[in-house]
Amino acid sequence: MRKKVSLFLFSLTLVPFFSFFSCSNIYQFYDYTPKSSNNSLLKNQKLQEFVDSVFANNESQKHDYIASQLNQNLVKISTELKYSLIFARPYFDFSNDEYFNTRKSSNYTIHSYLAKNWLFLLKNIEKLSFVFNPYLSRFVKNPNEIKAEKIQNKTIKITNKNFDFIKIDREQDQFIINNVYYLIFDNNKFIRFTVFGSNSELKTKLDYNIFYLEQQIPDKFLFVNSIENWIKAKEKSYFQNKLNQAKENLKDEFEEKKLELQSKISDLDSQTNLEDENDSNFCSLENPEKCSEGQLKFLESLKSKSGFGKKVSQISEFYKNSLDLELTQEKTAENSNSNSENPARLINNEKQEKPKSELAKLEEKYKKDLENLETDVRKLIYAEKNDLYQSNFFTDITSDISSFNSPFNFYKYSLFSIDLEKTTEKEQNKILKSPEKSNYFNKYSDFIDKKLEIKSKNETEEEFNSRKVYEYIFNTIWKNDEKAKVFYLNNYRKQENIEKLEAKWNTIQKNLVNLQFERENYDAIIQEYENFVSENWLFILERLDKIALLFHKWYLFPDQFAEDGKLKVAHNQEFKDFVANQEPLSEPFFYSNKFLESVSEGDTSLILTTFKDLYILKQNTLINLKIETSGIKPKVRLNPYVYHFPKTKNKISVKILTEIFHQALYHASKESYLDFENDFVKKFRYNLPAQMIFSEKFKGKNENK
Numbered sequence: 001m002r003k004k005v006s007l008f009l010f011s012l013t014l015v016p017f018f019s020f021f022s023c024s025n026i027y028q029f030y031d032y033t034p035k036s037s038n039n040s041l042l043k044n045q046k047l048q049e050f051v052d053s054v055f056a057n058n059e060s061q062k063h064d065y066i067a068s069q070l071n072q073n074l075v076k077i078s079t080e081l082k083y084s085l086i087f088a089r090p091y092f093d094f095s096n097d098e099y100f101n102t103r104k105s106s107n108y109t110i111h112s113y114l115a116k117n118w119l120f121l122l123k124n125i126e127k128l129s130f131v132f133n134p135y136l137s138r139f140v141k142n143p144n145e146i147k148a149e150k151i152q153n154k155t156i157k158i159t160n161k162n163f164d165f166i167k168i169d170r171e172q173d174q175f176i177i178n179n180v181y182y183l184i185f186d187n188n189k190f191i192r193f194t195v196f197g198s199n200s201e202l203k204t205k206l207d208y209n210i211f212y213l214e215q216q217i218p219d220k221f222l223f224v225n226s227i228e229n230w231i232k233a234k235e236k237s238y239f240q241n242k243l244n245q246a247k248e249n250l251k252d253e254f255e256e257k258k259l260e261l262q263s264k265i266s267d268l269d270s271q272t273n274l275e276d277e278n279d280s281n282f283c284s285l286e287n288p289e290k291c292s293e294g295q296l297k298f299l300e301s302l303k304s305k306s307g308f309g310k311k312v313s314q315i316s317e318f319y320k321n322s323l324d325l326e327l328t329q330e331k332t333a334e335n336s337n338s339n340s341e342n343p344a345r346l347i348n349n350e351k352q353e354k355p356k357s358e359l360a361k362l363e364e365k366y367k368k369d370l371e372n373l374e375t376d377v378r379k380l381i382y383a384e385k386n387d388l389y390q391s392n393f394f395t396d397i398t399s400d401i402s403s404f405n406s407p408f409n410f411y412k413y414s415l416f417s418i419d420l421e422k423t424t425e426k427e428q429n430k431i432l433k434s435p436e437k438s439n440y441f442n443k444y445s446d447f448i449d450k451k452l453e454i455k456s457k458n459e460t461e462e463e464f465n466s467r468k469v470y471e472y473i474f475n476t477i478w479k480n481d482e483k484a485k486v487f488y489l490n491n492y493r494k495q496e497n498i499e500k501l502e503a504k505w506n507t508i509q510k511n512l513v514n515l516q517f518e519r520e521n522y523d524a525i526i527q528e529y530e531n532f533v534s535e536n537w538l539f540i541l542e543r544l545d546k547i548a549l550l551f552h553k554w555y556l557f558p559d560q561f562a563e564d565g566k567l568k569v570a571h572n573q574e575f576k577d578f579v580a581n582q583e584p585l586s587e588p589f590f591y592s593n594k595f596l597e598s599v600s601e602g603d604t605s606l607i608l609t610t611f612k613d614l615y616i617l618k619q620n621t622l623i624n625l626k627i628e629t630s631g632i633k634p635k636v637r638l639n640p641y642v643y644h645f646p647k648t649k650n651k652i653s654v655k656i657l658t659e660i661f662h663q664a665l666y667h668a669s670k671e672s673y674l675d676f677e678n679d680f681v682k683k684f685r686y687n688l689p690a691q692m693i694f695s696e697k698f699k700g701k702n703e704n705k
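Take the sequence shown: its position 344, counted from the start at 1, is 344 in full-length UniProt numbering, and no numbers get skipped.
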């Protein structure tokens with residue numbers, strides 16, 4: 001039966017293990033007793049019970065998730081995950097070489113399956129293989145690891161799909177739900193499973209490591225709790241290191257700016273002191289030591305005369321410059337206030353006060369930033385933990401076990417391979433042998449649209465939308481000429497044609513990889529790429545799930561010139577400088593699948609009735625397809641450069657984009673250039689679009705031939 005055990009019911013000898021937790025309950029599920037009303041969607045009752053616990057607060061989400069997992073494509077998963085595990089391992093680092101993108105994409109696929117399709121993996125857990133892996137990310141061994149290499153079982157599998165599990169409620173921190181599960185297979189194999197987020201958005205991740213106990217222990221929780229205490233300490237240390245590093249960076253930046261302002265203040269003080277010294281270097285009653293004996297007598301004789309106070313400054317000026325003393329009454333009145341401020345001195349004072357004011361503001365800002373630093377670091381860590389599809393500290397937290405001093409002997413194994421072929425054999429046996437095709441069928445097969453064949457499987461929303469987009473494109477190209485459409489599609493889909501295109505595409509990809517080493521052939525390689533993509537539009541669109549978009553350049557409108565060579569319209573220099581200072585995108589962009597989302601006509605289509613400028617929306621990218629139907633055969637050209645909006649904070653509007661693009665490029669509208677700079681980039685919060693190149697995510701099958 002199911003047991004719900006409160007922490008305080010455990011023996012006092014376990015107190016040291018609980019010191020890191022603020023959880024209230026531990027759930028252990030062992031002997032399950034069937035209920036009278038069984039609403040299970042899964043055949044495996046243990047698995048159903050686990051799923052019920054994970055989605056305890058969201059019944060509808062649970063049913064949707066189970067339904068999606070039960071309808072997974074076995075062949076697709078077997079291919080994607082199997083080959084991803086060949087190209088990459090999430091627990092190993094990889095160098096930045098020509099295969100970097102392939103390994104990165106494979107790593108992304110593995111993490112995606114562990115986060116999204118964990119139920120499918122648990123249903124097929126006996127098909128997964130795990131390899132002995134006690135090392136760090138670069139095969140660094142310690143004496144204990146070398147000793148551990150003597151174990152006989154270098155790879156293991158889970159033989160029994162039934163499992164028990166332990167649930168730990170961690171402190172909420174930044175998440176309303178923050179739970180950890182340990183799935184226990186065969187009584188000695190432990191897999192960690194994390195659940196966090198909110199009731200409306202639940203995030204889950206199955207770990208790729210297995211903790212394999214050398215000997216079974218009566219209370220599995222003791223081992224589980226030792227792992228969690230170790231992980232808790234790692235997370236605490238990670239946060240502290242990040243906080244210390246942020247403090248150092250903030251302090252360094254503050255000290256640098258502070259030193260700069262202090263230097264300005266010091267320079268201005270020196271200049272003021274020099275001016276004061278110059279003022280005290282000539283003869284006056286205030287500076288008698290600078291006067292000769294005759295000058296002193298003359299000044300003494302003036303004390304008894306009226307107007308002395310009004311003329312002292314002029315007399316001093318006389319002795320300083322040896323000029324003739326002929327002062328008019330107007331001049332005397334103008335300078336009568338001997339105690340008035342010197343305008344030059346006022347300017348100097350203002351110059352001195354400005355950097356002092358800036359320094360005070362800087363110190364105040366530093367103080368506030370320091371107060372908010374811990375919150376800012378927590379936000380960064382929160383974002384990192386939310387990224388479940390990349391290797392990071394949290395997704396790889398159980399990989400490096402060098403600091404784990406366990407009270408029990410164990411070994412660590414990591415996900416190595418998946419083999420679903422045995423599962424798919426049954427499906428293959430169900431396929432009936434096709435009857436022999438007649439000569440008449442072979443003769444007219446090119447005119448039969450195979451896409452119209454009835455499909456037995458249910459169509460998903462993504463598949464439906466994508467099919468509608470293709471129908472729109474095909475109708476735009478061929479209109480009512482069904483015969484021409486079917487003839488083109490069937491010729492395109494012939495095996496020999498696809499193989500020919502694959503071979504040509506692989507050659508182009510190799511040339512693009514070596515582009516940096518063959519600068520003299522740059523134009524030819526780019527031209528070859530542009531021609532292939534432009535002509536083979538359907539080949540590219542149907543393989544978006546295999547595509548990685550590589551950064552080409554940040555996009556802005558080109559300068560346009562009149563016939564006489566004079567500049568007609570261009571972006572402001574300030575905007576050009578802004579674009580030039582943008583850092584290029586270092587990471588490729590991957591499409592999650594090959595399905596097209598929507599298609600819209602651009603404003604350029606208004607020019608001619610026989611020309612259509614189509615924009616296909618796919619995950620914050622716009623793919624441009626141009627169709628010209630004025631000739632006997634339609635001409636279709638795919639733009640070899642994709643518009644990607646990596647920093648957009650708004651949903652992309654094709655209408656806004658094409659209206660600005662059309663007016664700017666075809667009508668040389670200065671207003672549209674400004675609209676792009678101000679409205680498109682800033683007001684609509686699309687930010688700068690990047691032009692991206694189509695590249696292959698995985699190497700072709702002829703790579704090594």
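C-beta atoms are modelled at their ideal positions from N, C-alpha and C, and glycine is treated no differently. Predicted model, so just to flag it, every value in this text is computed and none were measured.
- Under the three-state reduction of DSSP output, LYS365 falls in the helix class.
- Residue pairing by DSSP places ASP613 opposite LYS626 in a beta bridge.
- DSSP places LYS500 in the uninterrupted alpha helix (DSSP H) bounded by 495–513.
- Pairing ASN179 with LYS220 gives a Cβ-Cβ distance that is not under 9 Å.
- Taking 9 Å as the cut-off, the Cβ atoms of LEU622 and VAL642 count as close.
- For ASN188, there is no enclosing beta strand (DSSP E), as DSSP marks it with neither H nor E.
- Contact between ASN199 and ASN57 holds: CB atoms are separated by about 5 Å, below the 8 Å threshold.
- In this structure, the CA atom of PHE394 is about 8 Å from the CA atom of GLU384.
- Using a Cβ-Cβ distance cut-off of 8 Å, the region 679–690 and the region 479–498 are not in contact, since fewer than three pairs of beta carbons, one from each stretch, lie closer than that value.
- Annotated as proximal: TRP537 and LEU625, with beta-carbon spacing under 9 Å.
- Secondary structure at PHE132: strand, using DSSP grouped into helix, strand and coil.
- A distance below 9 Å separates the beta carbons of SER466 and LYS594.
- Here the C-alpha atom of GLU201 lies approximately 32 Å from the C-alpha atom of ASN160.
- For ASP164, the enclosing beta strand (DSSP E) begins and ends at 163–169.
- Taken atom to atom, the span from the alpha-carbon of TYR181 to that of ASN225 is near 11 Å.
- In summary, ASP64 is exposed, with fewer than 16 beta-carbon neighbours lying within 10 Å of its beta-carbon over all protein chains present.
- In the same chain as PRO584, and ignoring 5 residues on each side of it, the C-beta atoms closer than 7 Å to its own belong to PHE551, in chain order.
- Here the alpha carbons of GLU535 and GLU528 stand approximately 11 Å from one another.
- About 6 Å separates the Cβ atoms of GLN582 and LEU688, confirming a contact at the 8 Å cut-off.
- Using a 10 angstroms sphere on the CB of LEU541, the tally of other CB atoms reaches 16 or more, which defines it as buried.
- In the DSSP assignment, VAL579 is bridged to no other residue.
- In the displayed model, HIS552 falls within a strand according to three-state DSSP.
- Leaving aside the five residues that flank LEU296 on each side, the residues in its chain whose CB is nearer than 8 Å to its CB run, in chain order, PRO288.
- Straight-line spacing of the CA atoms in ILE652 and ASP675 works out to 16 Å.
- Here ASN179 carries a strand assignment [DSSP, helix/strand/coil].
- Every alpha helix (DSSP H) stretch that sits fully inside the region 59–120 and reaches 4 residues is listed by chain position as 59–70, 74–87 and 100–116.
- Out of ASP545, TYR686 and LYS251, the CA that lies nearest to the CA of LEU370 is found in LYS251.
- If you draw a straight line from the Cα of VAL579 to the Cα of PRO558, it comes to about 13 Å.
- Counting along the chain, the unbroken beta strand (DSSP E) around ILE418 starts and ends at 410–418.
- Partner residues in the beta bridge of ASN209, as assigned by DSSP, are SER414.
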